[in-house]
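Presented below is the structure to which this report refers.
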Amino acid sequence: MKSLIMALIIAAVIVAGGLYCTNQVEELMMELTKKSDSIAENINNDGYDSAKDILLEIEKSLETDAAILASYLDHNELDKIEVAVAQLEVYLERQEKTPALAGTNTLKRYFQRIPKDYKIKLENIF
Amino acid sequence: MLVLVVRTLIIYALIIISIRIMGKRQIGEMQPSELVVAIMISDLASVPMQSIDLPLVSGIIPVFTLIVAEIIMSFLSLKNRFLRKIISGEPNVIISNGRVNEKELEKLRFNLNDLLEQMRISGNFDVADIEMAILETNGQLSIVPKTEARGVTIRDLKIKDATKDFIPYMLISDGTLVEAELKRSGKEKKWLMAELEERKLKVKDVFIASLSPDGKLFIQEHER
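Respectively, the protein sequence lines represent chains A and B. FYI, the numbering for the first sequence is 19 to 144, going by this note's numbering. FYI, the numbering for the second sequence is 928 to 1151, going by this note's numbering.
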């Protein structure tokens, strides 16, 4: 009976923890997707400085939630995001419109894909 | 490199905890479902241990999920006979009334050599001496020998005052007094100290001190 209670507690922790992490990551990714859209908008309007500020915010958000992200996501995915941010930084610095837009789109796709990959859906299970 | 060491230690500790939660049955004789869990755990644990790209949680959660599932299944099978039959199977009688049940052996894909081997392992060498043999769900063979082939018991000899067998009380273990055992033996600490003093010993000098149920005290000193 003791082990059953323990098992039920572990199950509750796993489910609650899983839901919490999924929600946190989903919220963060939604916010970052919106920020990516703002970056693209600013690039289109030649507002490179504002775009850089928003990219800085994205970096800060990723740093703040680094622990949750690292415990939830494949570290390779985080590395890819980091590289994409670094590339975009340079494009914004040099005010190269097309590569900057491409970089922003890549980043946006990463942010959109992550919650999709971890959602409980048949295609993710099988 | 150190990350691998830390991750390995964490997983090692968690696997020990999980095996402890699953209970002692896991360590010894395993039911089919328990064997599956043990194999899966060993594989699941090794992946995040070696690959630092994967979050440690991705190894821990499946392990704990398996443990939870196994405990719940074993609890349900404890309460439900039908479920028990599905999860663990049922014992099969492969020798009954001294005759080997060929159909049952065939059904179990258990050949005669397997049967004889299991019999020999359990100390039974002649099939003619066996009244009944049951293949348990954990794969072990339980054997009931024929009356004329079984060992003589106290009941057969009709001895009324046979000595009862008890486990001796381990009063001192590796230089440490075991209070619980002393209490179980019904002796007082004063008595033990007097016995030690008589032998010019202190508790820390003693490697083993055990008291047999008939009151014989065995003392072995530390070698150093």
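Note that CB positions come from ideal geometry on N, CA and C, so glycine has one too.
Would you call residue i buried or exposed, if buried means 16 or more other Cβ atoms sit within 10 Å of its Cβ?
i: GLY121 (chain A); result: buried
i: PHE1093 (chain B); result: exposed
i: SER899 (chain B); result: In the structure as shown, chain B begins at 928 and stops at 1151. Residue 899 (chain B) is therefore absent and cannot be evaluated.
i: PHE129 (chain A); result: buried
i: ASN62 (chain A); result: exposed
i: LEU1005 (chain B); result: exposed
i: LEU964 (chain B); result: In the sequence on display, residue 964 (chain B) carries Val and not Leu. By the 10 Å Cβ count, VAL964 (chain B) comes out buried.
i: SER1001 (chain B); result: buried
i: TYR38 (chain A); result: exposed
i: LEU1003 (chain B); result: exposed
i: ALA972 (chain B); result: buried
i: GLY1113 (chain B); result: exposed
i: LYS53 (chain A); result: buried
i: VAL932 (chain B); result: exposed
i: ALA102 (chain A); result: buried
i: GLU997 (chain B); result: buried
i: SER945 (chain B); result: buried
i: LEU1039 (chain B); result: exposed
i: ILE943 (chain B); result: exposed
i: LEU1068 (chain B); result: buried
i: MET928 (chain B); result: exposed
i: ILE1013 (chain B); result: exposed
i: ILE27 (chain A); result: exposed
i: MET19 (chain A); result: exposed
i: MET48 (chain A); result: exposed
i: ILE99 (chain A); result: buried
By Cβ distance, which residues of its chain are closer than 6 Å to residue i, with the 5 residues on each side in sequence left out?
i: LEU1109 (chain B); result: LEU1098
i: TYR109 (chain A); result: PRO117, ALA118, GLY121
i: ILE1081 (chain B); result: ALA1089
i: GLN113 (chain A); result: TYR66
i: VAL930 (chain B); result: ILE979
i: TYR90 (chain A); result: CYS39, VAL43
Starting from the C-beta of residue i, find all residues in its chain whose C-beta is less than 7 Å away, skip the five residues before and the five after it, and write them out in chain order.
i: LEU106 (chain A); result: LEU73, ALA118, GLY121, THR122, LEU125
i: LEU1119 (chain B); result: LEU1098, LEU1109
i: ASP1101 (chain B); result: PHE1134
i: GLU1122 (chain B); result: LEU1144
i: ARG1111 (chain B); result: TYR1096
i: MET967 (chain B); result: LEU993
i: ASP97 (chain A); result: none
i: LYS68 (chain A); result: In the sequence as displayed, the identity of residue 68 (chain A) is Ser instead of Lys. Counting only Cβ-Cβ distances below 7 Å, and skipping sequence neighbours, we find ASN60.
i: GLU1115 (chain B); result: none
Compare the C-beta of residue i against all C-beta atoms of chain A and say whether one is closer than 8 Å.
i: THR992 (chain B); result: yes
i: GLY950 (chain B); result: yes
i: ILE938 (chain B); result: no
i: VAL995 (chain B); result: yes
i: ILE943 (chain B); result: no
i: ILE1014 (chain B); result: no
i: ILE988 (chain B); result: yes
i: ILE999 (chain B); result: yes
i: PHE1009 (chain B); result: no
i: PHE1145 (chain B); result: no
i: PHE1093 (chain B); result: no
i: PHE1052 (chain B); result: no
i: PHE1037 (chain B); result: no
Within 8 Å (strictly less), CB to CB, does residue i reach chain B?
i: TYR90 (chain A); result: yes
i: MET24 (chain A); result: yes
i: ASN60 (chain A); result: no
i: ALA29 (chain A); result: yes
i: SER21 (chain A); result: yes
i: ASN94 (chain A); result: yes
Are the Cβ atoms of residue i and residue j separated by less than 8 Å?
i: VAL995 (chain B); j: LEU941 (chain B); result: no
i: ILE1057 (chain B); j: PRO1072 (chain B); result: yes
i: ILE1061 (chain B); j: PRO1018 (chain B); result: yes
i: LEU1104 (chain B); j: ASP92 (chain A); result: no
i: ILE999 (chain B); j: ALA34 (chain A); result: no
i: LEU983 (chain B); j: ILE937 (chain B); result: yes
i: LEU80 (chain A); j: VAL43 (chain A); result: no
i: ILE1021 (chain B); j: LEU1042 (chain B); result: yes
i: ASP83 (chain A); j: LEU46 (chain A); result: yes
i: GLU1124 (chain B); j: PHE1134 (chain B); result: no
i: TYR136 (chain A); j: THR40 (chain A); result: yes
i: ILE1086 (chain B); j: ILE32 (chain A); result: no
i: SER1023 (chain B); j: MET1046 (chain B); result: no
i: GLU75 (chain A); j: ILE132 (chain A); result: no
Output needed for residue i: all residues of its chain with C-beta closer than 8 Å, excluding positions within five of it in sequence on either side, in chain order.
i: ALA58 (chain A); result: LEU119, THR122, ASN123, LYS126
i: ARG934 (chain B); result: PRO975, MET976, ILE979, LEU983
i: LEU1035 (chain B); result: ASN1019, ILE1021, LEU1062
i: SER1015 (chain B); result: GLN958, PRO959, SER960, SER1004, THR1064
i: LEU1032 (chain B); result: ILE1021, ASN1038, LEU1039, LEU1042
i: ASP55 (chain A); result: LYS126
Report task. Give, in chain order, every residue of the stretch 29-46 of chain A whose Cβ lies closer than 9 Å to some Cβ of chain B. Result -> ALA29, VAL31, ILE32, GLY35, GLY36, CYS39
Query raised in the report: According to a CB-to-CB cut-off of less than 8 Å, which residues of the stretch 954-983 of chain B neighbour chain A?
Result: ILE979, ASP980, LEU981, PRO982, LEU983
Query raised in the report: What residues from the stretch 1108-1141 of chain B come within 8 Å of chain A, judged by C-beta to C-beta, listed N to C?
Result: none
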